[in-house]
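Shown next, in structure tokens, is the structure this report addresses.
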Amino acid sequence: MNHYETVFILNPVLSDVQIEETVKKFEDFLIKNGAKMVSKENWGLKKLAYPIQHKKSGFYHLFEFAGPGEIVGPYEQEFRRDERVMRFLTVKLDKHAIEWAEKRRTRLKSKA
16 MNHYETVFIL NPVLSDVQIE ETVKKFEDFL IKNGAKMVSK ENWGLKKLAY
66 PIQHKKSGFY HLFEFAGPGE IVGPYEQEFR RDERVMRFLT VKLDKHAIEW
116 AEKRRTRLKS KA
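For any residue, its number in our numbering is found by taking its place in the sequence shown, counting from 1, and adding 15.
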């Protein structure tokens with residue numbers, strides 16, 4: 016089981032229901048294909064550094080999950096097929112990144 020982190024940006028014109036629906040779709044895809052969700056964060060609406068698809072902002076989401084390496088290809092294919100997703104990036108976490116992500120999560124929990 017490898018650890019991965021995905022950040023994706025959703026179109027800013029989506030309603031709250033559409034955003035929840037999209038996030039649920041990708042979460043269900045991971046679980047159905049044998050991945051285990053470690054954490055899920057909604058970073059909210061943020062201004063983009065440069066326009067993407069003529070939009071200046073987007074809804075950011077972060078998924079951290081553990082799963083087999085074979086899941087990443089089909090998972091990213093789902094992002095490419097969904098017109099609600101403007102950008103996405105999936106990275107494999109090494110042991111140092113996993114430690115750092117854990118520290119970040121505990122910091123966020125202590126602030127809440």
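Ideal placement from N, C-alpha and C gives every residue a C-beta, glycine not left out.
Small disclaimer: the values here were computed from a predicted structure and weren't measured.
Any non-hydrogen atom of the ligand FAD closer than 8 Å to residue i Cβ
i	result
Leu25	The model on display carries no ligand, and the ligand FAD is accordingly not part of it.
Residues bridged to residue i [DSSP beta-bridge criterion]
i	result
Asn17	Gly82
Lys70	Ile67
Whether residue i touches residue j by CB criterion (9 Å)
i	j	result
Thr121	Glu20	no
Arg99	Leu25	yes
Ala81	Ala116	no
Tyr90	Asn48	yes
Same chain, Cβ closer than 7 Å to residue i, neighbours up to 5 away in sequence not counted
i	result
Ser54	Glu79 and Arg120
Residues near residue i in its chain [Cβ-Cβ closer than 6 Å; skip 5 each side]
i	result
Lys107	Asn17 and Tyr19
Ile113	His18
Spatially closest choice to residue i from the options, by CA coordinates
i	options	result
Pro66	Arg102, Asp97 and Lys124	Arg102
Ile86	Pro27, Glu35, Glu42 and Ile34	Glu42
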